[in-house]
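Just add 79 to wherever you are in the sequence shown, counting from 1, and you've got the working numbering.
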Amino acid sequence: MELFDKSKIEKEIRELPNGILTILLDTAVSLNINSIAIVGGVVRDLITKSKNQDSEIIFNDLDLIIEGETSIYVKELQKKLGPERVKVIRNNTTYKTSEISINGIKVDIATAREETYPIPGENPIVESSTIQNDLIRRDFNINAMAIELKDNKLLDLFSGLDAIYNKKIDFLHESSVLDDPTRIIRASRYSAKLGFRLSHQALRQIKDTVNLWPWNWHIGDNADLAPSGLSIRLKMELELLLKSNYWKNALKNLQDWGGLNILDPKLQNDQSLIEKVFIAKKSNIEPLTALVYESKYPISLAQRLHFDKQQKEIIEGACQLKKYLENLTVNDLYKKWPPSKWTSFLEEINANESSFILEICKENPLKEYLISWLTNWKDIESPIKGDDLIAKGWAPGPEIGLELKRQRMKLIDEEIIS
Ligand code: CTP
80 MELFDKSKIE KEIRELPNGI LTILLDTAVS LNINSIAIVG GVVRDLITKS KNQDSEIIFN
140 DLDLIIEGET SIYVKELQKK LGPERVKVIR NNTTYKTSEI SINGIKVDIA TAREETYPIP
200 GENPIVESST IQNDLIRRDF NINAMAIELK DNKLLDLFSG LDAIYNKKID FLHESSVLDD
260 PTRIIRASRY SAKLGFRLSH QALRQIKDTV NLWPWNWHIG DNADLAPSGL SIRLKMELEL
320 LLKSNYWKNA LKNLQDWGGL NILDPKLQND QSLIEKVFIA KKSNIEPLTA LVYESKYPIS
380 LAQRLHFDKQ QKEIIEGACQ LKKYLENLTV NDLYKKWPPS KWTSFLEEIN ANESSFILEI
440 CKENPLKEYL ISWLTNWKDI ESPIKGDDLI AKGWAPGPEI GLELKRQRMK LIDEEIIS
């Protein structure tokens with residue numbers, strides 16, 4: 080089909096340098112590599128666009144599979160194009176993959192493989208195989224097609240073309256979710272992005288697998304013991320989903336399908352989750368941090384998802400803030416507090432501003448004070464500087480700090496009266 084012609088593909092995907100697909104093929108041929116093919120999203124999006132001209136090809140990377148060693152192939156490519164044009168980002172010998180860039184474009188090359196999952200949901204064992212076998216282990220029929228570069232032919236073993244024409248998403252086999260539960264998140268993203276429906280069988284597979292919970296680690300177990308490969312992929316897929324333009328529909332899909340149970344049942348059942356994440360996003364809070372904060376055990380989920388130090392600090396700060404405020408409400412005394420007392424109290428907690436925003440989004444009953452501190456009190460400075468006090472004859476030392484604080488607090492209380 081003309082659609083799969085190398086020059087036609089380069090025309091459709093403008094990011095690809097002219098003639099690059101022929102160079103990629105010639106390099107494989109020079110190394111006696113039998114087969115080299117484009118796989119994954121590019122193939123899916125090329126076909127989708129041919130059917131619906133309004134659909135956009137958002138190019139992230141070029142995924143290639145070869146029946147050969149990726150590091151040897153990459154070396155040869157560097158010889159052909161020069162190290163200036165071909166840069167190696169990472170070679171992974173265990174997983175038989177190489178990440179490179181060609182003219183700044185990301186290209187992922189993988190040895191065609193078979194995968195077995197000795198423990199469900201953990202990293203697979205990889206063995207070299209044929210391109211056909213490589214396609215069998217993939218997530219959905221719409222993602223399991225390949226374009227062979229040597230003859231410009233589409234390899235479609237699982238009716239991916241039909242699925243695109245019918246706007247349907249199906250898993251390739253019955254243990255797809257068991258092998259890799261992040262595929263639930265991927266399905267929700269593709270469904271929202273492409274406007275495709277999840278098939279009944281696929282939905283049943285999601286529900287049955289999540290209900291049976293066939294994985295070794297359970298929610299509530301020690302977060303440090305959660306399988307790290309899966310946790311990192313979960314985080315990556317969630318970030319990808321939440322940063323997309325269609326994140327609301329994707330998150331709704333996840334809830335509708337019971338998919339958020341793999342993260343936390345409270346997130347699954349929260350009817351205003353999308354609204355809360357939306358408000359946090361508008362307040363410049365990273366959406367995944369906001370989502371995790373809505374879970375039952377945010378600190379544990381942040382740990383499980385391998386949050387970085389800053390993300391963890393925001394979550395921990397918000398939890399601390401919540402606890403302090405809960406303790407305050409055991410009596411009514413706080414109702415008589417002047418702004419200066421509130422300011423001292425809130426600043427002693429030493430939480431990140433984002434932690435305050437998280438608690439505000441979560442509708443803390445004392446949120447009006449958090450808003451006042453965030454939007455007003457925190458920015459009020461002492462009307463004089465330390466140098467002014469020294470010029471007036473104060474001796475340098477801690478007394479100066481206390482006086483500056485006193486003057487700042489006085490001003491904070493006056494501001495509210497004026
Ligand atoms: N894949 C898979 N299971 C996963 C992740 C990826 O089977 N959990 C396979 C799919 O065939 C997918 C390909 O690896 O198409 C490449 O994955 P990725 O780069 O994440 O996504 P794309 O399909 O290329 O599409 P997009 O960038 O639009 O998400």
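Each residue gets a CB set at the ideal place from its N, CA and C atoms; glycine is no exception.
Check	Outcome
Inter-residue CB distance, I179 and I188 (contact presumed, cutoff 8 Å)	7 Å
Beta-carbon proximity list for Q486, same chain, < 8 Å, skipping 5 on both sides	S461, P462, I463
Cβ-Cβ distance between I184 and L234 below 8 Å	no
Helix, strand or coil at N220 according to DSSP, with G and I counted as helix	helix
Exposure label - Y372; buried when at least 16 CB within 10 Å	buried
Buried/exposed call for Y448, threshold 16 Cβ in 10 Å	buried
Exposure of D124, with buried meaning 16 or more beta-carbon neighbours within 10 Å	buried
Heavy atom of the ligand CTP within 7 Å of A223 beta-carbon	yes
Euclidean distance between Cα positions of V256 and V205	18 Å
Nearest-angstrom Cα separation, counted from G161 out to D259	38 Å
Per-residue DSSP class, three states only, for D249	coil
C-alpha gap between Q280 and L320, whole angstroms	23 Å
R262 CB to nearest heavy atom of the ligand CTP below 7 Å	yes
Length of the line joining the Cα atoms of E148 and K391	40 Å
First through last residue of the alpha helix (DSSP H) which encompasses V153	149-160
Residues sharing a beta bridge with D300, DSSP	I298
V409 Cβ short of 7 Å to the ligand CTP heavy atom set	no
T195 versus Q211 - alpha carbon distance	16 Å
CB contact flag (L313, T368, <8 Å)	no
Residues near D249 by beta carbon distance below 7 Å, same chain, minus five either side	F219, N220, A242, S278, Q280, A281
Backbone secondary structure at I179 - three-state DSSP	strand
DSSP state of S207 mapped onto helix, strand, coil	strand
Cα-Cα separation, D343 to I298	7 Å
Strand pairing of P185, partner residues [DSSP]	For the sequence presented, residue 185 should be read as Lys rather than Pro. Answer by DSSP bridge pairing, in chain order: S180.
L236 in three-state terms, based on DSSP	coil
C-beta atoms of A225 and I112 nearer than 8 Å	no
contact_flag[the stretch 322-337, the stretch 374-388] where n(CB pairs < 8 Å) is 3 or more	no
Limits of the unbroken alpha helix (DSSP H) element including T195	Counting along the chain, T195 falls outside any alpha helix (DSSP H), though it belongs to the beta strand (DSSP E) covering 192-195.
Which of helix, strand or coil DSSP assigns to D140	coil
C-alpha distance - P542 paired with P444, whole-angstrom precision	Lying outside 80 to 497, the shown extent of the chain, residue 542 is not represented and no answer is given.
Backbone CA spacing between W416 and K355 [nearest angstrom]	29 Å
R217 to A191 span [Cα, whole Å]	12 Å
Segments assigned alpha helix (DSSP H), at least 4 residues, entirely inside the stretch 88-113	99-109
Cβ-heavy atom distance, V118 to the ligand HEM, below 7 Å	Within the structure as shown, the ligand HEM is missing, the only ligands being the ligand CTP.
Q347, DSSP secondary structure in three states	helix
Contact belief for V153 with S114 at Cβ below 8 Å, rounded distance in angstroms	Going by Cβ atoms, the distance from V153 to S114 rounds to 17 Å, so no, they are not a contact pair.
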